[in-house]
Amino acid sequence: MQRNLIAGLALTTALVAPLAASAQTEISWWHAMGGALGEKVDEIVANYNASQDEYHLTATYRGSYTETMTAAIAAFRAGEQPNLVQVFEVGTGTMMAAEGAVYPVYQLMEEHGQNFDPSVYLPAVAGYYTNTDGQMLSMPFNSSTPILYYNKDIFAEAGLDADVAPETWADVEEMSRKIVDSGAAECGFTTGWISWVQLENLSAWHNQPIGTNENGFGSIDSEMTVNGPVQIRHWENLAKWEDEGLFKYGGPGGGADSAPAFYSGECAIYMNSSASRAGVLANTDFDLGLGMLPYYADVEGAPQNSIIGGATLWTLAGASDAQYDGVASFLTYLSSAEVQADWHQFTGYLPITNAAYELSQQQGYYDENPGADIAIKQITLNEPTANSKGLRFGNYVQIRGVIDEEFENLLSGNKTAEEALNDLVERGNSLIADFVEANG
Amino acid sequence: MQTKRTTFRSWWLPYLLVAPQLAITLVFFIWPAGQAVYQSFLREDPFGLSTTWVGLRNYIRLFDSAEYLASFETTVIFTVCTASLSMGLSLLLAVAVDRMIRTASVYTTLVVWPYAVAPAIAGILWWFMFNPSFGILTYVLEMVGYDWNHRLNGEDAMTLVVLASAWKQISYNFLFFVAGLQSIPMSLREAAAIDGAGPVKRFFTVVFPLLSPTTFFLLVVNINYTMFDTFSTIDASTAGGPGQATTILVYKVYEDGVKGLNLGSSAAQSVILMSIVIALTFIQFRFIERRVQY
Chain A
1 MQRNLIAGLA
11 LTTALVAPLA
21 ASAQTEISWW
31 HAMGGALGEK
41 VDEIVANYNA
51 SQDEYHLTAT
61 YRGSYTETMT
71 AAIAAFRAGE
81 QPNLVQVFEV
91 GTGTMMAAEG
101 AVYPVYQLME
111 EHGQNFDPSV
121 YLPAVAGYYT
131 NTDGQMLSMP
141 FNSSTPILYY
151 NKDIFAEAGL
161 DADVAPETWA
171 DVEEMSRKIV
181 DSGAAECGFT
191 TGWISWVQLE
201 NLSAWHNQPI
211 GTNENGFGSI
221 DSEMTVNGPV
231 QIRHWENLAK
241 WEDEGLFKYG
251 GPGGGADSAP
261 AFYSGECAIY
271 MNSSASRAGV
281 LANTDFDLGL
291 GMLPYYADVE
301 GAPQNSIIGG
311 ATLWTLAGAS
321 DAQYDGVASF
331 LTYLSSAEVQ
341 ADWHQFTGYL
351 PITNAAYELS
361 QQQGYYDENP
371 GADIAIKQIT
381 LNEPTANSKG
391 LRFGNYVQIR
401 GVIDEEFENL
411 LSGNKTAEEA
421 LNDLVERGNS
431 LIADFVEANG
Chain B
1 MQTKRTTFRS
11 WWLPYLLVAP
21 QLAITLVFFI
31 WPAGQAVYQS
41 FLREDPFGLS
51 TTWVGLRNYI
61 RLFDSAEYLA
71 SFETTVIFTV
81 CTASLSMGLS
91 LLLAVAVDRM
101 IRTASVYTTL
111 VVWPYAVAPA
121 IAGILWWFMF
131 NPSFGILTYV
141 LEMVGYDWNH
151 RLNGEDAMTL
161 VVLASAWKQI
171 SYNFLFFVAG
181 LQSIPMSLRE
191 AAAIDGAGPV
201 KRFFTVVFPL
211 LSPTTFFLLV
221 VNINYTMFDT
231 FSTIDASTAG
241 GPGQATTILV
251 YKVYEDGVKG
261 LNLGSSAAQS
271 VILMSIVIAL
281 TFIQFRFIER
291 RVQY
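Those sequence lines, one after another, are chains A and B.
Numbering-wise, the first sequence is residues 1 to 440 according to UniProt numbering.
Numbering-wise, the second sequence is residues 1 to 294 according to UniProt numbering.
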């Protein structure tokens, strides 16, 4: 009996000892940052883990944005969700409506002892993720905005001034025509993300409403309004330019193949996320020029300001207090000027706090990298209006797909710009109505 | 006809022997299928926080939606094209191998290779060859004066996914056709030849009818393959586009369920798809099988 007791004690000690040695609280984060960005995330996580010994954060790459979000939701249904998940901006509506599944960031920070001041974040960024009461629901992490890239070598070859970026759509058309006619390149311009760049940002940039109720910020029960005259005119032009060979659509998925077309010198101008800069630099040898998005000079109020895309970190419900302490401490670490400035400079994403922007200025980053501040200048060009602070609709992941489909219907000649945009709005509104029904 | 009858000594042994198979069917088919049927009557938010019973509404909405009905048409075109192309080509290859004597095994091995390629990789492969910017086949087509662009042209996109899916299935069909051909007694063909039937006539009057059990089996398998297994090929090559030109039913289930998180509608679509396949298989066995000569 006594021997058994001793053996039992020994066994218990053997089992407990390793636990005691690593009394760190485990916290988990699922993200969608692959490649070079993923390595940078790993570096941030390693630095955070080394900076303190109370918590141990494990970051896991879960594939694309859609895959990461779906995986986290499926995991939530199974009760196996991570503490923190990275969700792209179009998933915001879905996450916000999921009260009970998410733990809003402002509340987390308050209840878990972090000194949290939402005013340090750039309004253009934080505003996208703030509710109508001014409370921040998720933590901005990687935000970007579309800008214009151009190949200076091709510009020079076509006899254009390589130091002048196209400013208006008339410039883009005229320069593209010169480029194609002179044979300097096969196509004038291409673009990533038809939905984000050539519809949502186009609307904001020209101060045109994307939806009712301040683009959906005021209520989930909103409707889309992207079938206005400016949008119809622009899509008509894109279809015409595609026919003339000035523009090249880089589908599928709204422009996934546009990057290679720009890298290879097939197209001279390229519009995509400011965070594509690292990829462009890594894949090209030519002299790169940067500029703001083009606008129609005769539209009143243009250019207004562009809107962001990217992702934020959402805290999910169902973890222990100790884990939430850890998550809150990590979010504070992540928002620090040093970490943010480094992330911004490495990736081309916007600095999410004023402090990080100022630190980058002090470090001389923008002097050494001309054009790297175009994105931030563009989103802060004017005080955002109700039309240009972003958009928030339910089921928007699907609506993005509808936008791509209708754009393809336009280019293939099945529909006119007006028909495509009207159908888009109708299909979008019915998806929003579904969402309202399921969540209302 | 001879029937074999095995007698088990104890009544429970046969049940025990089929139990593992039954368990697998139950866990991996009946249970999820039941779940899908149940979910198709619900409206749920993605996180499963609120669930409402909506009866047949998910179904009614589907049949009201022009996109869903268009997807039916796409599926029919895709299935017919892929199954006939794949079966036709593999029959041709199998007949060719059947006539060979020395190099048949090398040739067989080569034809079977594509079967080992994962569907997603097959999709990427064809996407690469037909890429409008740098694809080699696009380049060749351009030389003969055809401007290939599957990003904008729905017919080009359909051709691409049919080619990729059919190519993937050729190996499988080929193996069965070769085996089927080899089981046809040489004496029958020789007799026909002596009676003066040429090779074409011999094939259509002797070989093909005797091959009908194999052809029938492959028809069932191929239709199931095109309706379910081609998903990853489509995802990797056209992602259902342009517009919805290559969005077949199973791809729409994925788009609405996994991407759109609209679980009720996605479940309803799965149930419809499941019923179609069950009905098709039933019709095939009930009516076509009668004309099959075993």
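Virtual Cβ for every residue (Gly too), placed ideally from N, Cα, C.
Note that the structure is a prediction, hence the values are computed from the model and not measured.
The segment 164-175 of chain A / the segment 387-400 of chain A touching (three or more Cβ pairs under 8 Å): No: fewer than three Cβ pairs fall under 8 Å.
Rounded C-alpha distance that separates SER258/A from SER412/A: Rounded to the nearest whole angstrom, the CA to CA distance from SER258/A to SER412/A is 18 Å.
The segment 37-45 of chain A touching the segment 327-346 of chain A, judged by at least three CB pairs closer than 8 Å: Segments in contact, yes.
Inter-residue spacing [alpha-carbon to alpha-carbon] between PRO384/A and PRO118/A: In a straight line, the C-alpha of PRO384/A is about 18 Å away from that of PRO118/A.
Of the listed residues GLY428/A, GLY79/A, MET69/A, nearest to VAL258/B (C-alpha basis): For the residues GLY428/A, GLY79/A, MET69/A, the minimum Cα distance to VAL258/B belongs to MET69/A.
Residue range of the beta strand (DSSP E) that includes GLN86/A: Segment 84-88, the beta strand (DSSP E) holding GLN86/A.
Helix, strand or coil at LYS415/A according to DSSP, with G and I counted as helix: Note: LYS415/A maps to coil in three-state DSSP.
First and last residue of the uninterrupted alpha helix (DSSP H) at ASN58/B: Following the DSSP letters along the chain, one finds ASN58/B inside the alpha helix (DSSP H) bounded by residues 57-64.
C-beta neighbour in chain B for PRO260/A, strict 8 Å: So yes, PRO260/A belongs to the interface.
Any C-beta of chain A under 8 Å from that of VAL258/B: The beta-carbon of VAL258/B is placed less than 8 Å from the nearest beta-carbon of chain A.
Proximal chain A residues relative to GLY180/B, where beta-carbon distance stays under 8 Å: Within chain A, no residue has its CB atom less than 8 Å from the CB of GLY180/B, the nearest being about 39 Å off.
Close Cβ partners of GLY63/A (< 7 Å) along its chain, the five nearest in sequence each way excluded: ALA32, listed in sequence order.
Proximity of ILE403/A and SER195/A at Cβ, strictly below 8 Å: SER195/A sits close to ILE403/A, with the two beta carbons spaced by under 8 Å.
Chain-ordered chain B contacts of TYR149/A [CB-CB under 9 Å]: Those within 9 Å of TYR149/A in chain B number zero; the least Cβ separation is about 17 Å.
Reduced DSSP secondary structure (H/G/I, E/B, other) of ASP42/A: In the structure shown, ASP42/A falls within a helical segment according to DSSP collapsed to helix, strand and coil.
Listed by chain order, chain A residues near ALA239/B by CB distance under 8 Å: Within chain A, the residues near ALA239/B are PRO252, GLY253.
Cross-chain neighbours of GLN398/A in chain B, by beta carbon under 9 Å: The contact set of GLN398/A on chain B, defined by CB atoms closer than 9 Å, consists of GLU255, ASP256, LYS259, GLY260, LEU261, ASN262 in chain order.
Counted within 10 angstroms of its Cβ, other Cβ atoms place TRP113/B as buried (16 or more) or exposed: Counting the other CB atoms within 10 Å of its CB gives TRP113/B a total below 16, which places it among the exposed residues.
Beta-bridge partners of VAL102/A, as assigned by DSSP: Looking at the DSSP assignment, VAL102/A forms a beta bridge with GLU99/A, LEU316/A.
LEU244/B versus GLY192/A - alpha carbon distance: The residue you asked about is not Leu; residue 244/B is Gln in the sequence shown. If you take the alpha carbons of GLN244/B and GLY192/A, they lie about 20 Å apart.
Whole-angstrom distance between ARG177/A and TYR149/A, CA atom to CA atom: A straight-line Cα-Cα distance of about 17 Å links TYR149/A and ARG177/A.
THR13/A, buried or exposed, once every other Cβ within 10 Å from all chains shown has been counted against 16: With a pLDDT of 47 at THR13/A, under the threshold of 50, the modelled position of that residue is not reliable, and no figure is offered here.
Per DSSP, the bridge partner or partners of ARG77/A: In DSSP, ARG77/A forms no bridge with anything.
For PHE141/A, three-class secondary structure by DSSP: Strand, per DSSP.
Closer than 9 Å at the beta carbon, the chain B residues around THR94/A: Scanning chain B for C-beta atoms nearer than 9 Å to the C-beta of THR94/A yields ASP45, PRO46, PHE47, LEU261, reported in chain order.
Test item: CB-CB of MET136/A and THR130/A under 8 Å: Cβ distance < 8 Å, so MET136/A and THR130/A count as in contact.
Residue(s) in a DSSP beta bridge with ALA268/B: Answer by DSSP bridge pairing: none, since ALA268/B is not bridged.
Cβ shell of VAL117/B (< 8 Å), same chain only, five flanking positions each side left out: So the list reads LEU125, LYS168, once near-sequence residues are dropped.
Residue range of the unbroken alpha helix (DSSP H) whose run includes ARG189/B: For ARG189/B, the enclosing alpha helix (DSSP H) starts and ends at 186-194.
Assigned secondary structure, ALA10/A (DSSP; H/G/I helix, E/B strand, else coil): Note that ALA10/A scores a pLDDT of 49, beneath 50, so its modelled location is shaky and nothing firm can be said.
Residue from ILE121/B, LEU152/B, PRO119/B, ASP156/B with nearest C-alpha to LEU137/B: Relative to LEU137/B, the option among ILE121/B, LEU152/B, PRO119/B, ASP156/B whose CA is nearest is ASP156/B.
Reduced DSSP secondary structure (H/G/I, E/B, other) of PHE189/A: It is a strand residue.
Close beta carbons around MET1/A, own chain, < 8 Å, minus the five adjacent residues each side: For MET1/A, the predicted structure reports a pLDDT of 43, less than 50, and the residue's modelled location is therefore unreliable. A value from the coordinates is still provided. Taken in chain order, the list of residues that qualify is empty.
Start and end residues, alpha helix (DSSP H) containing PHE152/B: The question names Phe, but residue 152/B is Leu in the sequence shown. LEU152/B: not part of any alpha helix (DSSP H); DSSP gives it neither H nor E.
Closest Cα partner of residue 304/B within the set VAL54/B, PHE128/B, ALA166/B, TRP53/B: Because chain B is modelled from 1 through 294, residue 304/B falls outside the range shown and cannot be assessed.
Cβ-based burial, TRP235/A [other Cβ within 10 Å; buried from 16]: Here TRP235/A is buried, its C-beta having at least 16 other C-beta atoms within 10 Å.
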